[in-house]
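Written out below as structure tokens is the structure these notes cover.
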Amino acid sequence: MLNIGCHLSVSKGFLNMGKVASSINANTFQFFTRNPQGGKAKDLDEKDMTSYNEYAAVHDFAKIVAHAPYTLNPCSDNPQTREFALMVFEDDLKRMEYIPHNYYNFHPGSHVGQGTDKGIELITKTLNQILQKEQKTTVLLETMSGKGSEVGSRFEELAEIINKTNLNDKLGVCMDTCHIFAAGYDIVNNLDDVFVEFDKIIGLNRLKAIHLNDSMMPFASHKDRHAKIGEGLIGEEALIRFINHPAVKNLPFILETPNELDGYAAEIKMLKENYK
Ligand code: FE
Ligand code: FE
Ligand code: ZN
Numbered sequence: 011m012l013n014i015g016c017h018l019s020v021s022k023g024f025l026n027m028g029k030v031a032s033s034i035n036a037n038t039f040q041f042f043t044r045n046p047q048g049g050k051a052k053d054l055d056e057k058d059m060t061s062y063n064e065y066a067a068v069h070d071f072a073k074i075v076a077h078a079p080y081t082l083n084p085c086s087d088n089p090q091t092r093e094f095a096l097m098v099f100e101d102d103l104k105r106m107e108y109i110p111h112n113y114y115n116f117h118p119g120s121h122v123g124q125g126t127d128k129g130i131e132l133i134t135k136t137l138n139q140i141l142q143k144e145q146k147t148t149v150l151l152e153t154m155s156g157k158g159s160e161v162g163s164r165f166e167e168l169a170e171i172i173n174k175t176n177l178n179d180k181l182g183v184c185m186d187t188c189h190i191f192a193a194g195y196d197i198v199n200n201l202d203d204v205f206v207e208f209d210k211i212i213g214l215n216r217l218k219a220i221h222l223n224d225s226m227m228p229f230a231s232h233k234d235r236h237a238k239i240g241e242g243l244i245g246e247e248a249l250i251r252f253i254n255h256p257a258v259k260n261l262p263f264i265l266e267t268p269n270e271l272d273g274y275a276a277e278i279k280m281l282k283e284n285y286k
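Residue numbers (this note's numbering): 11 to 286.
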């Protein structure tokens, strides 16, 4: 079965997101834990989260993905910016324990001129502060396109972060198809090789979720612009090959394509029809 869903708004709560997902034949989804600027999260509604857990169990949901605000920068050169990221991560992970055994995805950040090594050191430091032995959430590092001074556009960088983190059994990777294409991994012509490389450097056992997007920007452009499935330079055929690859079997696929709900529904329908 193809586990697929899209990005949804958390504003009406978790049970609502579950029901909206069902209405478009999805069995997973992603949401921002708070507004992208990293503002205050909604008040914690334990009852709603419990209702969601029950709903997800009954409706055979796959794991869902919480996405940290993308403006957070845990490897900024500014200590206050790093401290802010740390506070948000800690608070988000506490909340995630009310919907246990799901994923919390974040962008590793931008080193803003300090160099990749320093960036990796600062991200690792943050992870060593937030990860707890008892937590039931797996934290995912997202593969990035490598715009500006972004860390995490090379598999080697993600591997180094994972290897240097103490409780790294709590860590995994979320592969964004738009980002890795823009980063220079040729998922259109050499999909097998990309997964072989991922396995060699990071380990396919670390691959936990997929952001399924087409790319408006060319291969290896290091630019991050998502396109609808089939309307970008990756193309429908390559994305269909991608979802059918044994390396990603049973993972949750999240669409982050520029769509409203009906557009997501159509993409989900098309992808399910082409899933063997
Ligand atoms: Fe992201
Ligand atoms: Fe993404
Ligand atoms: Zn993106």
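No residue lacks a Cβ here, since even glycine has one placed at the ideal position from N, Cα and C.
DSSP state of residue i mapped onto helix, strand, coil
i           : result
residue 259 : coil
residue 218 : strand
residue 88  : coil
residue 166 : helix
residue 148 : strand
residue 106 : helix
residue 54  : coil
residue 224 : strand
residue 69  : coil
residue 189 : helix
Bridge partner(s) assigned by DSSP for residue i
i           : result
residue 241 : The partner list for residue 241 (beta bridge, DSSP) is empty, contrary to what the question assumes.
residue 77  : 42 and 115
residue 15  : 38 and 264
residue 160 : 120
residue 183 : 151 and 217
Candidates the options, of which the one nearest residue i by Cα
i           : options               : result
residue 275 : 33, 24, 27 and 11     : 33
residue 184 : 74, 21, 28 and 88     : 74
residue 124 : 86, 221, 18 and 171   : 86
residue 233 : 136, 198, 130 and 193 : 193
residue 178 : 213, 158, 128 and 202 : 213
residue 52  : 98, 71 and 202        : 98
With 16 other Cβ atoms within 10 Å as the buried cut-off, status of residue i
i           : result
residue 195 : buried
residue 272 : exposed
residue 67  : exposed
residue 120 : buried
residue 290 : Since the first residue of the chain shown is 11 and the last is 286, residue 290 is not available in this structure.
residue 54  : exposed
residue 139 : exposed
residue 79  : buried
Residues near residue i in its chain [Cβ-Cβ closer than 8 Å; skip 5 each side]
i           : result
residue 236 : 188, 223, 224, 225, 226, 242, 266, 267 and 268
residue 83  : 91, 92, 95, 119, 120 and 122
residue 154 : 117, 118, 160, 161, 162, 163, 186, 189, 193 and 234
residue 257 : 205, 208, 209, 214 and 217
Neighbourhood of residue i by C-beta distance below 6 Å, restricted to the same chain and skipping five residues each side
i           : result
residue 59  : 24, 108 and 109
residue 115 : 75, 77, 150, 152 and 184
Residues near residue i in its chain [Cβ-Cβ closer than 7 Å; skip 5 each side]
i          : result
residue 62 : 24, 25, 28 and 109
residue 65 : 25 and 28
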